[in-house]
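First comes the structure, then the notes that go with it.
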Amino acid sequence: MAVEVSSILALAPSKTLTDLQVAYKEEIVGDETNLLISAPTNSGKSLIGEHCLLQVLKAQKIAILVEPLRALAQEKYDELSSKYKGTLKVSISTGDYRLLDEQYTNPPPNGELIIATPERLEAIFRNPKAQPWIDNIGCVVVDEAHLVADKFRGATLEHLITTLKCLESKPRGVLLSATIGNVEKVRNWLEPCQVVSVEKRYPPLHKHVIALSETDNITEKVVEWLRTVLLQDQKAQALIFVYQTKQTEALASELTKAVADICGEAGVLPYHSKLSSQQRNENRELFISGASRVVISTSALAMGINLPCTHVLVRDLTFQGASNPDVSTLLQMMGRAGRGNIEGHAYVLCKPSDDWQPEVLQQSLDDEVLPDFKSVFEVEEDWRNTREDDVATIQVSAYLSRKGDVGATQQEIELFFQQSLGGQYLADNVAGALTWLERHLLAWNEDGNFKLTVLGKKACLSVLPLPLAYGYTNLLRDLMSLDDSDEVLKEWQPLDHIIALNLLHDGIPNLGRFSAKLESIVDAWAEKQSQNRSSEVPLLFKEWLRGKKDYSKAIEVFGSLNISIPKQGKQADEWARKKGYQATYAAAILQERSLGVSVPRIEKQFGVKNLAGVEERWRDDMLWLLAGLSKLLDIRTFYFHLVEECEASKERIKRVKGLLKKQQRQIHKLMEQIKYCSALGPLIRDMQQSNRGKAGVGIQTIRNLEDGGIESIAQLAKLSLDEIVSMGVRRDITEKISGYIRRRRV
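The sequence shown begins at 41 in the working numbering and counts up by one.
Pasting the structure below:
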């Protein structure tokens, strides 16, 4: 590695240090003990983390920066790979379904800097073959470390940090956070640990709540605020946070028209994770240079966005389909205002429909009471609403996955969890977790230690929810037992995967309650499918889920999926039938969207509301689950069942193997369709297939065309090259699209 860094001063852009960085330079002794860096936003925490990473890279060790979200990991990757281009190797690993085949087994000879999400790094740690690579890790910097208490990400992050603590060759752990209220607890947990903490914010940040009335138009209020800010100070630059990615594009377009005279020659720019790295860098440079005075970003990027500005506006306090932001999250967004010696000004729009009362919100923001750093397992309402052993089961299986065939005793497992932040909370639930695993995914080695079965290992390495993995494979095993000719398996359709996932996964959005109308919509859709030669009615729906009251076999599917039913007798049958129709309803909507049908048309056809509000996260979840299912469809997973339970011949085993390979191909095709939910999605897919996956056309190209009013390939074919370029599509990509359309017509 060519980079040589002996002092943090060498990294500071202005060659001056913040108060926090001075404290780090003067107070930290040695470079091996763990660190907690706690300070407000804009205090220089990231530079300290970067310095710690570079120190171990000098020793040719692996350095890892953990970012909580894929979008933030991508942003840091773009920044650091550009900054150290030609001097060190920078990689990104975020758990994206395209990266599931990454191999981390042998350590790189000259060290490496990796940016990863907690989920991805924890997944790597589950693989026993990764141990030589893990032993070469010198430092792990965890950004936004307070998310240990987050009910969605906290368990994984805590497990990851505990794993690092318990490694024989312990890497240095560095935790960064702007919102930790009790640093001593962290110090004790990570002992030996040094703490650098600064409470005072510089430059000062002034926080304001704007109360809206029922009659106020939100966009008009944003325009009014923005015009005031930009006219008051010619050097002012504003960053506006909204909830969803699509809203950044729409609002940027509206504001560019409304304040065209004062927003800069480049207009108001969107800035979000779906932009290519080149487009984000271009928009960033336009903002920094002053060519644009306004950027619209998503709240998801607020934790790590690095766009210096004078003013911040948080437009959304209500997040449809997700948890609404708390005070610490709002402070993260608002803390982006202010740079250098210039004070920051941050505003929040508070609508009557939001959970907050304006005066209460203002007081909470002024007080800036930081939450205690605590384990999610200490927050009773965050995890104990379900069976107490559910979360522990995930953690125990992850631990056993690392142990491979060597396995572990119950005492060894409990000792590991006693060293976590949740400590005894988790250790007390190890026995219950092992009981569940014994019934489904656990075996014993020759020494009597617990170890995972083949299915358990595959589920863990794929980071699939264990009940989902067991239920899905149990359904396929039942189908194999049901029909030794395998005609049922031959009829398995792509949407059967989606229906099964809809039934098994709690994270699937509830698009509508069961009703007679929903039932008729699904039946009509199935009838249309049966008349379409290019598609088939899903097997699960056709053979089991479909039917009127008292004439459905849906409950049989639930039994095979190992889903508990909260009803008895006839009520159980009807409950299962309704759930089956809802699962098929959601699968049909996802299929139509993946084939390019527009959101308004789907909402009208299926009577669903707010599809745009849940679509992005839903698709991301489905891509992750489908990728995991593909890993399960290995003949080894089913071999014992075929031989011992079905007494299958070699010919049948070979036949089943072929059918499971067919299902894998179905899943891969589904993933490509779901990835591009657009009327122009087929354009990308066809170009990739004809160019061996190197079409050069990405999702942002599609968005630019859709923003220009293009809703079909036929419309696109009528445009000239200059007309397509005018919509924001690069000329070289435009020429590829035009050439493809010409060849397609021929």
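Every residue gets a Cβ at the ideal spot worked out from N, C-alpha and C, and that includes glycine.
Bear in mind the structure is a predicted one, so any value in this text is a computation, not a measurement.
Residue i to residue j span [Cα, whole Å]
i	j	result
Met767	Ile777	14 Å
Leu585	His91	58 Å
Ile453	Glu691	42 Å
Leu401	Pro411	16 Å
Glu107	Ala113	5 Å
Leu710	Arg553	26 Å
Ile201	Val188	9 Å
Glu531	Leu579	6 Å
Ala467	Glu614	40 Å
Ala473	Ala438	12 Å
Ala362	Glu775	41 Å
Val214	Asp183	8 Å
Val683	Leu455	39 Å
Thr817	Leu672	Outside the displayed range of the chain (41 to 786) lies residue 817, so it cannot be described from this structure.
Leu57	Lys98	22 Å
Leu295	Ile328	19 Å
C-beta contact flag for residue i and residue j at 8 Å
i	j	result
Val226	Leu279	no
Leu357	Pro365	yes
Ser798	Val446	Outside the modelled stretch of the chain, which goes from 41 to 786, sits residue 798, for which no answer is possible.
Lys85	Leu216	yes
Val308	Ser332	yes
Asn146	Trp173	yes
Thr475	Ala483	no
Leu440	Phe359	no
Thr134	His186	no
Ile164	Ile102	no
Ser634	Ile714	yes
Ala111	Ser313	yes
Thr350	Ala276	yes
Leu666	His537	yes
Gly462	Glu418	yes
Ile790	Cys390	Here the chain covers residues 41 to 786 and nothing more, so residue 790 does not appear.
Ile750	Ala626	no
For residue i, three-class secondary structure by DSSP
i	result
Ile132	strand
Phe36	No answer is possible for residue 36: it lies beyond the span of the chain, which begins at 41 and ends at 786.
Lys649	coil
Tyr144	coil
Cys233	strand
Cys8	For the chain, the structure presents residues 41 to 786; residue 8 sits outside this window and is missing.
Val503	coil
Glu325	helix
Glu821	The structure shown does not extend to residue 821, since the chain is modelled only from 41 to 786, so the question has no answer here.
Gln277	coil
Thr127	coil
Val262	helix
Thr255	coil
Lys55	coil
Lys619	helix
Exposure label - residue i; buried when at least 16 CB within 10 Å
i	result
Tyr387	buried
Val69	exposed
Lys498	buried
Asn572	exposed
Asp141	At Asp141 the pLDDT is 49, less than 50, meaning the model places this residue with poor confidence; the figure from the coordinates comes in the next sentence. When all chains shown are included, Asp141 counts as exposed.
His708	exposed
Cys717	buried
Asn222	exposed
Val409	exposed
Arg166	buried
Phe281	buried
Asn257	exposed
Leu761	exposed
Pro640	exposed
Ser689	exposed
His24	No information on residue 24 is available, as it lies outside the stretch 41 to 786 that the chain covers here.
His248	exposed
Interface flag, residue i vs chain C, CB-CB below 8 Å
i	result
Leu544	As a matter of chain content, chain C is missing from the structure shown, which is built from one protein chain.
Cβ-heavy atom distance, residue i to the ligand FMN, below 7 Å
i	result
Tyr591	Judged by which ligands are present, the structure shown has none, so any question about the ligand FMN falls away.
Cβ pair count under 8 Å reaching 3, the segment 587–603 against the segment 651–661: no
Sufficient close CB pairs (3 or more, under 8 Å) joining the segment 682–696 to the segment 741–750: no
Is the segment 256–268 in contact with the segment 95–109, if contact means three or more CB pairs nearer than 8 Å? no
Touch test, the segment 322–329 against the segment 247–255, Cβ-Cβ under 8 Å, three pairs minimum: no
Quick test of the definition: if touching needs 3 or more C-beta pairs under 8 Å, does the segment 549–565 touch the segment 591–605? Contact fails: fewer than three Cβ-Cβ distances are below 8 Å.
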